[in-house]
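Structure record follows, encoded as structure tokens.
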Amino acid sequence: MHPQNDHERRRARAIALTKNHRDDPHAYYVDLAKYPHMKNAYAAAVLRASTGEITSAGSIRCKTPAQAEEYAIAFAMHTTGCHTILSDAKTAVINYSHDSVHPTTTRVLTALTQHGRMTNNVTIKWFPAHTGDLNEPDGPNRNEEADREAHALTRRGLPSLPLESEPATDPDSEDVNYAITQYGEVLQWYRTSRIKYPPPHRDLTRNKATTLRQLQARAIWTPVLAKHICPEIYHTDTCQRCGRARATQNHILWECLPPPPNTQNGQIPEEIDKKITSEEYETQRDTVRHDLGYQHAAKDTSKPTHRDKGTAILTGGGHTGSGNGDTITTRDLLQVLRERDRLLSTLLERLTVAGAAQPQPAPTFQVIPNLSQNITLGT
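Numbering-wise (full-length UniProt numbering), the sequence shown opens with residue 1 and increments by one.
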């Protein structure tokens with residue numbers, strides 16, 4: 001998740017993890033900070049998720065920040081009764097999942113196993129960094145507390161500095177040196193960089209969301225477009241509101257009487273242009289309703305004439321045409337459907353007979369010894 005493009009997703013993940021582990025005595029947050037005046041030196045702090053107290057702290061010398069972050073997670077595993085570790089070092093979490101940690105971290109984990117300090121399985125979870133203060137019902141952001149404690153450890157023995165003189169972000173911060181390496185992240189970056197209009201709000205219905213997208217792309221369903229696609233159904237493309245011009249998109253939305261304000265040279269009016277670029281639900285909903293109202297006024301609203309009960313009327317214009325179409329009785333329609341079913345049954349019988357006439361080869365079986373020894377069923 002990119003710190004800028006996926007800010008809402010990162011905050012939602014932070015809230016969910018905080019709720020799940022705010023009362024867990026076996027969950028710990030770990031964070032790292034670099035010493036400002038020392039090369040390849042870092043300070044690590046481990047906080048208990050339930051109380052926020054520091055359980056472990058130490059200094060680490062590593063060549064790269066990723067190696068120091070892996071070492072800090074291994075340092076948190078040294079805590080007694082540790083079942084879950086939450087870290088904002090995404091690179092280190094991925095390295096643990098791929099079993100490709102640095103040799104120094106491997107030696108630490110081996111030593112912990114040999115001395116019996118890792119008696120339980122430990123789950124490592126990635127916690128988004130720099131998500132700020134969470135809501136009061138969700139609980140405090142222990143990851144931010146661990147970050148502050150780690151930075152406080154790097155200033156030991158130095159004169160106290162005012163908070164205003166400290167930089168807003170660290171040189172090794174995730175927001176500064178965020179590398180896009182995964183295929184999904186690269187694809188998402190290209191998608192977000194090409195977005196011109198916001199997506200439909202999740203509370204919109206599917207029909208309204210489709211209409212909003214069509215309005216943004218200037219490709220709404222009009223009688224002119226319908227006549228080109230289905231000329232046998234839609235017989236006319238005349239606007240049914242004024243009856244003088246073709247019912248194109250420009251004519252339906254802002255050329256037909258009365259025209260909306262700020263309309264010049266067939267361009268999208270300023271009011272509509274601002275509304276289709278809004279992300280708010282109320283604005284998108286009102287825009288779609290306004291658009292559907294104009295489309296309904298431009299389409300054919302005439303009703304077919306009265307017929308007897310045994311007649312079904314299929315108007316040539318459908319909901320957008322002129323209303324002058326062909327008349328098909330229900331009896332004729334049922335006869336067509338019965339003829340279609342008869343032809344399908346005959347075709348199926350011929351295919352079955354042709355398949356049965358050809359001899360099928362006898363099935364062969366091959367016995368594979370000790371196959372069950374190589375198969376493990378997972379739950």
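In this text, a Cβ means the ideal position worked out from N, Cα and C, and glycines have one as well.
In this text, all values refer to a predicted model and were calculated from it rather than measured experimentally.
- Bridge partners of T238 according to DSSP: R246.
- The shortest C-alpha to C-alpha distance from T55 to any of V224, T79, E145 and I94 is the one to T79.
- Three or more Cβ pairs closer than 8 Å define a contact, and the segment 14-29 meets that threshold against the segment 125-132.
- For K19, the enclosing alpha helix (DSSP H) covers residues H7 to H21.
- Per the DSSP secondary-structure output, T123 pairs in a beta bridge with T84.
- Listed in chain order, the non-local C-beta contacts of P25 below 6 Å within the same chain comprise S50, local neighbours out to five positions each way being set aside.
- Rounded to whole angstroms, V46 and I85 show a C-alpha spacing of 9 Å.
- Just measuring C-alpha positions, the residue of I195, A57, T352 and C242 sitting nearest T277 is I195.
- In the three-state reduction of the DSSP assignment, G293 falls in the helix class.
- Taking C-alpha positions only, T113 is separated from T192 by approximately 45 Å.
- Annotation for D138: no alpha helix (DSSP H) segment contains it, and DSSP assigns it neither H nor E.
- DSSP places Y29 inside the beta strand (DSSP E), whose first and last residues are A27 to K34.
- For S100, the secondary structure class from DSSP, reduced to helix, strand or coil, is coil.
- Distance from the CA of H115 to the CA of T105, rounded to the nearest whole angstrom, comes to 16 Å.
- In the structure shown, T154 adopts coil according to DSSP, grouped into three states.
- Annotation for Y190: the continuous alpha helix (DSSP H) segment containing it runs Y183 to R194.
- Bridge partners of G58 according to DSSP: A44.
- With distances taken between CA atoms, R155 lies nearest to Y35 out of D6, Y35 and A111.
- If you draw a straight line from the Cα of A74 to the Cα of V122, it is about 10 Å long.
- Looking at the backbone, the Cα of D147 and that of D6 are separated by about 21 Å.
- R246 and T211 have their C-alpha atoms some 21 Å from each other.
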